[in-house]
Amino acid sequence: MKLLYSVKSVKEIQDLNPFVVVGCGGGGEKFSNLEGVNAIGFIDDNVKKQGKEFCGHIVSGSLDECLKQAPDAKSLVIMLPIGAEGSALKYAVQAIDAGLNVITSFRSLSVSD
Numbered sequence: 021m022k023l024l025y026s027v028k029s030v031k032e033i034q035d036l037n038p039f040v041v042v043g044c045g046g047g048g049e050k051f052s053n054l055e056g057v058n059a060i061g062f063i064d065d066n067v068k069k070q071g072k073e074f075c076g077h078i079v080s081g082s083l084d085e086c087l088k089q090a091p092d093a094k095s096l097v098i099m100l101p102i103g104a105e106g107s108a109l110k111y112a113v114q115a116i117d118a119g120l121n122v123i124t125s126f127r128s129l130s131v132s133d
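If you're matching positions, the sequence shown starts at 21 in this note's numbering and goes up one per residue.
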């Protein structure tokens, strides 16, 4: 059974690899560059980012499209700015329906974690 996770360490995040990342801004880039994180797909609602390369992958406009390009994804992390809660909820529901684990947000993690 897939769950909505609250993680407390980088190790717990790594255990949820590989990821689809929602949000192709600074947060999405930082998350995908965490040591041991395997980000294999990216989604953004901004049509100017869709179809472009971000962190070595082509940005999709929907979860369905992204999962066709990254069928091995195990989890989805939502890295959207404050104010995008509606989009975050939409992606969380879609991901759970697709059988993915979901991380909706996390606090800053210590480098030692």
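The C-beta atom is built at its ideal place from N, Cα and C for all residues, glycine as well.
DSSP, read as helix, strand or coil, puts Ile102 in coil. For the set Ser80, Pro101, Ser95 and Ile102, the Cα lying nearest the Cα of Ala112 is the one of Ser95.
Within the region 38–71, the runs of beta strand (DSSP E) at least 3 residues long that lie entirely inside it are, in chain order, 39–42 and 59–63. In the DSSP annotation of this structure, the continuous segment of the alpha helix (DSSP H) that includes Val30 starts and ends at Val30 to Gln34. In the three-state scheme derived from DSSP, where H, G and I count as helix and E and B as strand, Ser80 is classed as strand. Just measuring C-alpha positions, the residue of Ser52, Asp35, Leu87 and Ala118 sitting nearest Gly43 is Ser52. Of the other Cβ atoms in all chains shown, fewer than 16 fall within 10 Å of the Cβ of Ile102; this residue is therefore exposed. Classified as buried, Leu83 has 16 or more neighbouring CB atoms from the shown chains inside 10 Å of its CB. In the DSSP assignment, Ser95 forms a beta bridge with Phe39 and Asn121. By the Cβ-count criterion, Val41 is buried, with 16 or more other Cβ atoms from all chains shown falling within 10 Å of its own Cβ. In the assembly as shown, Gly61 is a buried residue. Its beta-carbon has 16 or more other beta-carbons within 10 Å.
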